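Peer 1: Numbering (the working numbering), first residue to last: 2 to 695. Every residue, glycine too, gets a C-beta built ideally from N, C-alpha and C. No experiment lies behind these values; they were computed from the predicted model shown.
In C-alpha cells, the structure reads:
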C-alpha cells in the first residue's frame, strides 16, 4: 500500500516517540545504562533484574545467578538457612550492584530537590543524563582516566548528574578521592553546596562503611575543613570536597584532587590578573592521568574563540585527552508541545514536508521551512518541532534561540554574519565522514630534493599528521591518467594559534562513469613553508605522480621577494606534474617564465568559492573529514562581499577543497585507462595550466 507523505512522517514520528519513551527502570535495571543481562533469583526482593554485564563477572553474583535463589546459594556454601543470613547476602549483593550500576545507586540512595518545588525526590536519570552517564561509564569501565567536555542545552540536570557521579566514585568506589567543583559565580557554588547537603543528609551512614563495620547512627557525615568555608570532608571515606568560584580565583587552586568539575566554564570572565585558562591550569594541573581520575569541562556555549569553544573543538577532533559530548534541545523530554488533535498533527507534518525547501521566513521570529525540515532529519519529533516553532517567537534572531537551545554543536557557538553554505546542504556529506583507516607520516630517502621522492613509504604513527582513508591504487598492466589530484593550502606561520597547512588528495577515478570524486587522504598541521612544499610533493608522487596544486598566494605575500618563486621552482626541478597558471598571449610572446602555483586573489577566490557552493549544494564530491564540514558551517560572507572564516575558526581544509574542486571539475580532463606499454618512455615535463581566471 502506498502512503501519502504525511502518513509516512506520522508513522516515523510514532516510532521516534516510542524510542524516546523506551522503558527505563533504574531499580530493576531494565532499559538502564550499558549492556545488561536479565537474571532471575526466585527469593530475591527483586525476582527479575537486568544487571550490568561487568557485574556478572563477580564470583558472588555469578554463583547466586547460577543457583537461581539465595536459599540454594546458602546451601552450596554450607551456611545456615536463617533470615539473618539471607539478609546479609541481599545486602552484599546490593552493594556489589551499587559499585557497578550508577543509576541503581542513585535512585536508591540519592535525594535531590524536586523541580517546581515540593519534597526532595529520588534521583532518577532522565534521557540526556543516561547518555551522559553512558559516556562516563564507558571511560571508567575501560580503565581510562575520565576526561569530558560537555556542551549542552539548558535545564536537564547535566551539572547535577556530573557532581553526583563524582560523589558515587567517592562514596562507593575508592576511599580518599578528593573533588574540586568550580562554578561561574557565587550563586552557582551555593547551589552545588546545597545539592551535596541534601544528598549527604539523606545518605545512609551504614553505606559509608564497609559491610559489617561498626558505626554510630548519629555520626557526622560531612564536616568543614579549615577556616575558608569552602572545603568539606567526609570522614568515613577520607575524602574532601572543595567548592570554588571563578569570581574568586584563589578558591580554585587545585592540589591533591582526583576529580575536577568546571561548571559553566563558557561563561567564566577574565578577572584582574587571572584568565579562565589560568584558573583551569591551576585547578587541573595536579590531576594524574590514571584510572579513577576525572576532569569535566561543562557549559552552555557563549560565543566562539574562547576557552570552552577551543577545548570542545580539540576534544571533538581528538586533539586532546578529552572526549566531546553534545546534548541538543530535542533530546530533552520537556521540550515538546502536544497537538490538540490528530488533524492538527497531520497538517503540521504536511506543512513541514511542503516547505522543506523554503529559504524564506515570514518574520525575524520564525525559521524557514528548510531549517524546520532539517530538525526532522536530525531526529526531532513533530511535537518537539512544534515546541520549537512556538518558543522561537520569543527571540528576534536564530542566534539568540540557538544559544539557549542549540540543535547541533555547530550552531551552539553562535555568531553573526551570513553563512556561505546552507546547513542542509552540508548535512548531505555527514554520512560519508569517518575516521581514517590509518594515521601516520610519509617518508622518503631524504626530506628535500630528489632524495625526498626516493623510497617513499607511509609509516603508521599514533600522532601522525597524515590521515589516509584510501591507499593509492596501482596496477602492473594498466594505469589511470589524471586519477589523483593533490592540493596544498599553505600555513601562515608555525605558532599554535596560526593557520594550519593542509594537503588533500582527491581520487577522480569514478568520474569516468559520471560519479563523484572523493577525498582519500589529508595531511594537516604546522610546518615550515619549504618543508611543506616537499611534503606535498612526496604525497603527490606516492599517489601515482598526481597533479600537484600549491596555493601560492601565502607564499608570495608572506615571504621575501623571490623566495616563493624559488621554493616552487625547486620543486619543479624534480617534479614535473606541478600546476602552473595560464599565460597570456603577451607573456608567451615575450617568453616570460611560467608561474607555478594557484594564486587566490579577489577575483579567483570569488570563482572558487561560488563553485564550491554549487558543488556542496549538488553534493558533487565525497568528503571524509568531518572537520572540513565544520569549516563549511563557520564560513561567512562579510558585509563588504568577501569570504572568510568566522572569528576563531579556520578555513584551511575548506580552501584545499575550493581550489581542488575548481581544478577537478573545470581544468583537468576526465581520467582514462591506458595500458602501461603505451606510457611515454622518455620523461617530459608536464604542465597543467589554469583554464579560467588567473
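Could you pull out every residue in the same chain whose Cβ sits closer than 7 Å to the Cβ of residue 369, ignoring the five residues on either side in sequence?
Peer 2: Around residue 369: 359, 360, 361 and 362.
Peer 1: On the CB-based measure, 16 or more other CB atoms within 10 Å of its CB, does residue 6 come out buried or exposed?
Peer 2: By the 10 Å Cβ count, residue 6 comes out exposed.
Peer 1: Classify residue 353: buried if its beta carbon has 16 or more other beta carbons within 10 angstroms, exposed otherwise.
Peer 2: It is buried - the Cβ of residue 353 has at least 16 other Cβ atoms within 10 Å.
Peer 1: Please determine, among 271, 194, 408 and 616, the residue with the shortest C-alpha to C-alpha distance to residue 665.
Peer 2: Comparing Cα positions, the closest option is 616.
Peer 1: Scan the stretch 44–111 and note each continuous beta strand (DSSP E) run of 3 residues or more that stays entirely inside, going in chain order.
Peer 2: Taking only runs of at least 3 residues, the beta strand (DSSP E) segments lying wholly in the stretch 44–111 are 49–53.
Peer 1: Cα separation between residue 269 and residue 24?
Peer 2: Spanning the two alpha carbons is a distance of roughly 38 Å.
Peer 1: Just verifying my parser: in three-state terms, what is the DSSP assignment at residue 489?
Peer 2: Here residue 489 sits in strand by DSSP.
Peer 1: Helix or strand or just coil, what does DSSP make of residue 411?
Peer 2: Correct three-state label for residue 411: coil.
Peer 1: Alpha carbon to alpha carbon, what distance is there between residue 478 and residue 443?
Peer 2: The straight-line gap from Cα to Cα measures roughly 26 Å.
Peer 1: Beta carbon of residue 112, beta carbon of residue 124: below 8 Å?
Peer 2: For residue 112 and residue 124, yes; Cβs fall inside 8 Å.
Peer 1: Quick check on DSSP: helix, strand or coil for residue 229?
Peer 2: The answer is coil: DSSP assigns residue 229 none of H, G, I, E or B.
Peer 1: Could you tell me the distance, in whole angstroms, from the CA atom of residue 115 to the CA atom of residue 491?
Peer 2: Cα to Cα, the separation comes out at about 56 Å.
Peer 1: Report the partner residues of residue 508 according to the DSSP bridge assignment.
Peer 2: Answer by DSSP bridge pairing, in chain order: 485 and 519.
Peer 1: Quick one: what's residue 392 bridged to in DSSP?
Peer 2: Answer by DSSP bridge pairing: none, since residue 392 is not bridged.
Peer 1: Is DSSP giving residue 458 helix, strand or coil here?
Peer 2: The answer is strand: DSSP assigns residue 458 an E or B state.
Peer 1: Quick check: what's the CA-CA separation for residue 530 versus residue 453?
Peer 2: Distance between the alpha carbons of residue 530 and residue 453 is about 15 Å.
Peer 1: Does DSSP put residue 155 in a helix, in a strand, or in coil?
Peer 2: Three-state DSSP puts residue 155 in coil, outside helix and strand.
Peer 1: Taking the continuous alpha helix (DSSP H) assigned at residue 432, which residues delimit it?
Peer 2: Unbroken run through residue 432: none, as it is neither H nor E.
Peer 1: Per DSSP, residue 623 forms a beta bridge with which residues?
Peer 2: Per DSSP, 519.
Peer 1: Would you kindly check if the distance between the Cβ of residue 186 and the Cβ of residue 248 is under 8 Å?
Peer 2: Yes, they are a contact pair.
Peer 1: Measuring CB to CB, does residue 504 end up less than 8 Å from residue 535?
Peer 2: No. Outside cutoff.
Peer 1: Please report the straight-line C-alpha distance between residue 140 and residue 173, rounded to a whole angstrom.
Peer 2: The alpha-carbon atoms of residue 140 and residue 173 are separated by roughly 17 Å.
Peer 1: Where do the ends of the beta strand (DSSP E) carrying residue 300 lie?
Peer 2: Its beta strand (DSSP E) spans residues 295–300.
Peer 1: Taking DSSP's pairing of strands, which residues face residue 122 in a bridge?
Peer 2: Residue 122 pairs with 113.
Peer 1: Where DSSP assigns a beta bridge to residue 249, which residues make up the other side?
Peer 2: Answer is 246, bridged to residue 249.
Peer 1: Whole angstroms are fine: how far does the CA of residue 62 sit from the CA of residue 700?
Peer 2: The chain is shown from 2 up to 695; residue 700 falls before or after that span and cannot be answered.
Peer 1: Along the chain, where does the beta strand (DSSP E) that runs through residue 238 open and close?
Peer 2: Per DSSP, residue 238 belongs to no beta strand (DSSP E) and is neither H nor E.
Peer 1: Going by alpha carbons, who is nearest to residue 229 out of 220, 242, 219 and 221?
Peer 2: With distances taken between Cα atoms, residue 229 lies closest to 242.
Peer 1: Buried or exposed for residue 310, going by 16 or more other Cβ atoms inside 10 Å?
Peer 2: It counts as buried.
Peer 1: Count the C-beta pairs between the stretch 278–286 and the stretch 209–226 that are closer than 8 Å, then say yes if the count reaches three, no if not.
Peer 2: The stretch 278–286, when compared against the stretch 209–226, does not touch it at the 8 Å Cβ threshold.
Peer 1: Would you say the stretch 296–308 touches the stretch 87–104, given that touching needs at least three Cβ pairs under 8 Å?
Peer 2: Contact between the stretch 296–308 and the stretch 87–104 is absent, because fewer than three Cβ pairs lie under 8 Å.
Peer 1: Taking the straight line between their C-alpha atoms, what separation do you get for residue 227 and residue 256?
Peer 2: Approximately 15 Å, taken between the alpha carbons.
Peer 1: Have a look at 179, 57 and 129 and flag the residue whose alpha-carbon is nearest the alpha-carbon of residue 327.
Peer 2: Nearest C-alpha to residue 327: 129.
Peer 1: Mind checking which residues open and close the alpha helix (DSSP H) that includes residue 400?
Peer 2: Here the alpha helix (DSSP H) through residue 400 covers 399–405.
Peer 1: Which whole runs of the beta strand (DSSP E) in the stretch 608–664 are 3 residues long or more, in chain order?
Peer 2: Listed in chain order, they are 636–638 and 644–646.
Peer 1: Less than 7 Å between C-beta atoms, sequence neighbours within five positions excluded: which residues of the same chain meet that for residue 696?
Peer 2: Because the chain spans 2 through 695 in this model, residue 696 falls outside it and cannot be assessed.
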